[in-house]
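One structure is given below, encoded as structure tokens.
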Ligand code: BGC
């Protein structure tokens, strides 16, 4: 190893500083191809609410049973939970590339099964398969992208997968809106998702396996060939040196139980899974799944307007994610998440306030619901709620959307990256399921104002969680992150401070 290539030396800083998001089209191409997994994730979670309207038309038994309707919606989340957990293991045992191809095949088969379903039970089976595929993709895409990213743009590249998720949601709302008047289209709406899965599968056949996974599996020559496509010769030497320092646990892939055996892995998993819990329990999917309902609760009665507003919410979510991609490697994960949460807390208070004013004015007989036409006590409450919703998305999307996925793709040591990332994605899907399944019942029980207040309380706890537990990983190499956990677990030195200064101070 030459002096110039020592990580943290000023020479390495020169090479590192020159890497930007757009500077390597090959890496960007790999990222976008892997991000098709995110697109499937977003499209699948968004399209079902629209498709369900037509499924009910075709299957009377579904129309009659809210249990069947709920099962059709939530079976994909159940599949995703299982897919994420199993997918983590597949990632470590068989590699990121094979895991992606597996996700695509299962997803495509699931989409075609739904498209051809003769009855609701086959449809539910198709939803389960599609969920399995989405679950595997939700762990694989961030890990694959993180492992091929130069560390100084890793956050932005992993967040590109989140942009694909929000893009998929936008696309699905567009499809929902386009088909509002046409019956019998649900088969197309669900079946067409097989196409991106097939495209990704074909593209992946020509793309390299993750160099880090190859190295870990002792396929060093292949790993170096893959790295050579990503880095210029100076930087390549530095990256190979870093990789050769990686400690790989002997034997086969680690098991789920191994995660809990060592203190530093437990700590890293607690942090990663905690972020995933808070991403979901601050209510993003109550907004993504129920924004038309929330808009209607606020007094806008037209269906078309409600759907249009939810399309705007999805577009804002995408735009905000782009801001996140720009900021995550500039201000750091912690600052971005904390700023994001501050806005989320304020907007949840605004939403809660708007609905509280509505119910108290309804009780005192001043006005019946939040409305857009008349003013209520001098305040236009309907628009007040919509403002809360817009501020919520504008605050959430650059920070709490991408940061949990980015942090989870980079905080685990090589041998545990798949298994821990998968378990933590399972925690995300499980939390998603709980929040989505209980939101409307909690609203019925304690009212909309109280529900948003609870979410605000959770967001405050999330703020404290990030302050106390989440380390800053911006710009650090995987090896530095690994050292950081060891130091945290065993209390050896102020690693965070020294790593950041090693990285950024000449
Ligand atoms: C979350 C999804 C959510 C999406 C909304 C993602 O980061 O994991 O659950 O639907 O953001 O944009």
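Numbering (our numbering), first residue to last: 249 to 754. Every residue gets a Cβ at the ideal spot worked out from N, C-alpha and C, and that includes glycine.
By Cβ distance, which residues of its chain are closer than 6 Å to residue 329, with the 5 residues on each side in sequence left out?
Translated into the one-based positions of the chain shown, residue 329 becomes position 81. These residues qualify, in order along the chain: 674, 677, 678.
Cβ shell of residue 511 (< 6 Å), same chain only, five flanking positions each side left out:
Numbered from its first residue, the chain shown carries residue 511 at position 263. Here the set comprises 737.
Does the ligand BGC have even one heavy atom less than 6 Å from the beta-carbon of residue 331?
As a position in the chain shown, residue 331 is number 83, starting the count at 1. Outside the cutoff, so no.
Residue 391 beta carbon less than 7 Å from that of residue 374
Along the chain shown, read from residue 1 onward, the residue named residue 374 stands at position 126. Along the chain shown, read from residue 1 onward, the residue named residue 391 stands at position 143. No, the Cβ-Cβ distance between residue 374 and residue 391 is not below 7 Å.
Quick check on the DSSP output: the alpha helix (DSSP H) that includes residue 457 runs from which residue to which?
If you number the chain shown from 1, residue 457 lands on position 209. Run containing residue 457: none; DSSP gives neither H nor E here.
According to DSSP, is residue 506 part of a helix, a strand, or is it coil?
In the chain shown, residue 506 corresponds to position 258, counting from 1. Reduced to three states, the DSSP call for residue 506 is helix.
Does at least one heavy atom of the ligand BGC sit under 6 Å from the Cβ of residue 535?
Working through the chain shown from its first residue, we reach residue 535 at position 287. Not under cutoff, so the answer is no.
Please report the Cβ distance between residue 593 and residue 636, rounded to the nearest whole angstrom; I am assuming they are in contact, meaning their Cβ atoms lie under 8 Å.
Taking the first residue of the chain shown as position 1, residue 593 is located at position 345. Taking the first residue of the chain shown as position 1, residue 636 is located at position 388. The pair is not a contact, with the Cβ atoms about 12 Å apart (cut-off 8 Å).
Cα-Cα separation, residue 543 to residue 709:
Taking the first residue of the chain shown as position 1, residue 543 is located at position 295. Taking the first residue of the chain shown as position 1, residue 709 is located at position 461. Their backbone Cα atoms lie some 27 Å apart in a straight line.
Whole runs of the beta strand (DSSP E) within the stretch 302 to 375, excluding any shorter than 3 residues:
none
Compute every distance between the C-beta of residue 454 and the non-hydrogen atoms of the ligand SAM, then say whether any falls below 6 Å.
As far as ligands go, the structure on display features the ligand BGC and does not contain the ligand SAM.
Between which two residues does the alpha helix (DSSP H) carrying residue 472 extend?
By 1-based counting over the chain shown, the position of residue 472 is 224. Segment 468 to 478, the alpha helix (DSSP H) holding residue 472.
Hey, how far is the Cα of residue 344 from the Cα of residue 478?
Position 96 of the chain shown, counting from 1, holds the residue named residue 344. Position 230 of the chain shown, counting from 1, holds the residue named residue 478. Those two C-alpha atoms are separated by around 17 Å.
Look at residue 409 and residue 286 and say whether their C-beta atoms are less than 7 Å apart.
The sequence position of residue 409 within the chain shown is 161, counting from 1. The sequence position of residue 286 within the chain shown is 38, counting from 1. Yes; because the gap between Cβ atoms is below 7 Å, this pair is in contact.
Suppose you measure from the CA of residue 729 to the CA of residue 307; what does that come to, to the nearest Å?
Position 481 of the chain shown, counted from the first residue, corresponds to residue 729. Position 59 of the chain shown, counted from the first residue, corresponds to residue 307. In a straight line, the C-alpha of residue 729 is about 53 Å away from that of residue 307.
Classification of residue 525 by the beta-carbon crowding that lies within 10 angstroms, buried from 16 upward
The residue given as residue 525 occupies position 277 in the chain shown. Buried, since its Cβ has 16 or more Cβ neighbours within 10 Å.
For residue 720, the three-state DSSP class (helix, strand or coil):
Here residue 720 refers to the residue found at position 472 when the chain shown is read from its first residue. Coil.
So what does DSSP say about residue 659, is it helix, strand or coil?
Translated into positions along the chain shown, residue 659 becomes position 411. Residue 659: coil per DSSP, three-state reduction.
In the structure shown, what three-state DSSP assignment does residue 251 receive?
For the purposes of this step, residue 251 is taken as residue 3 along the chain shown, with counting starting at 1. Unreliable positioning characterises residue 251 in this predicted model, as indicated by a pLDDT of 32, which lies under 50. The coordinate reading is nonetheless provided below. The answer is helix: DSSP assigns residue 251 an H, G or I state.
For residue 733, which option in 671, 271, 660 has the closest C-alpha, if you only look at C-alpha atoms?
Here residue 733 refers to the residue found at position 485 when the chain shown is read from its first residue. Among 671, 271, 660, the Cα nearest to that of residue 733 belongs to 660.
Would you check if there are 3 or more beta carbon pairs closer than 8 Å linking the stretch 704 to 719 to the stretch 456 to 474?
no
Pick from 310, 681, 447: whose alpha carbon is nearest that of residue 366?
Position 118 of the chain shown, counting from 1, holds the residue named residue 366. Considering only alpha carbons, the answer is 310.
Does any heavy atom of the ligand BGC sit closer than 6 Å to the C-beta of residue 649?
Position 401 of the chain shown, counted from the start, is the residue given in the question as residue 649. Residue 649: yes, Cβ under 6 Å from the ligand BGC.
For the structure I just gave you, are there three or more beta carbon pairs, one from the stretch 478 to 493 and one from the stretch 369 to 384, closer than 8 Å?
no
First and last residue of the alpha helix (DSSP H) that includes residue 563?
Position 315 of the chain shown, counted from the first residue, corresponds to residue 563. For residue 563, the uninterrupted alpha helix (DSSP H) segment begins and ends at 551 to 576.
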